[in-house]
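Notes follow once the structure below has been shown.
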Amino acid sequence: HLLGWHIPVIHVVGGGSRNRPLCQWTADATGRPVVAGPVEATAIGNLLVQAIALGQVDNLDDARAIVRASFPLSVYEPQPAVDWDMAYERFVSITRQANTN
């Protein structure tokens, strides 16, 4: 909201993308889908930036398409989040109290 634009999907890359509970909880807590993977995102990103610099890949959009076509990605859809909603309400209540003191 502060940025003035909506983040429709959250991407989790690297080792955290292997943690299924983390990815599902992230989707549930935010109400947004989570796309997890690739695990070796740093190395893949380095390789693709070099390929762009050498003219082997045209641009960042093409590099992203290569990743999508080359590595398995998992998608986690948000599930009903009663516990997360209750935790958020507690958080809001606590921060409101802290701001009034």
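No gaps in the numbering here: position 19 of the sequence shown is 1330 in this note's numbering, and each next residue is one more. Yeah, the Cβ is synthetic: ideal placement off N, Cα and C, and Gly gets one too. These figures come from a predicted structure and were not determined experimentally.
Per the Cβ contact rule, the region 1347-1366 is not in contact with the region 1401-1409 (fewer than 3 Cβ pairs under 8 Å). With respect to the C-alpha of N1357, the residue from Q1390, R1375 and L1333 having the closest C-alpha is R1375.
CA-to-CA, the gap between P1332 and Y1387 works out to about 10 Å.
DSSP, read as helix, strand or coil, puts I1321 in strand. Residue pairing of Y1399 in beta bridges, as defined by DSSP: absent, with no partner found.
DSSP places A1376 in the uninterrupted alpha helix (DSSP H) bounded by L1371 to S1381. In summary, T1411 is exposed, with fewer than 16 beta-carbon neighbours lying within 10 Å of its beta-carbon over all protein chains present. In the three-state DSSP reduction, V1345 falls in the strand class (E or B).
Around the Cβ of D1394, a 10 Å sphere holds fewer than 16 other Cβ atoms; the residue is exposed. Residue burial annotation: D1339 is buried, with at least 16 other C-beta atoms found within 10 angstroms of its C-beta.
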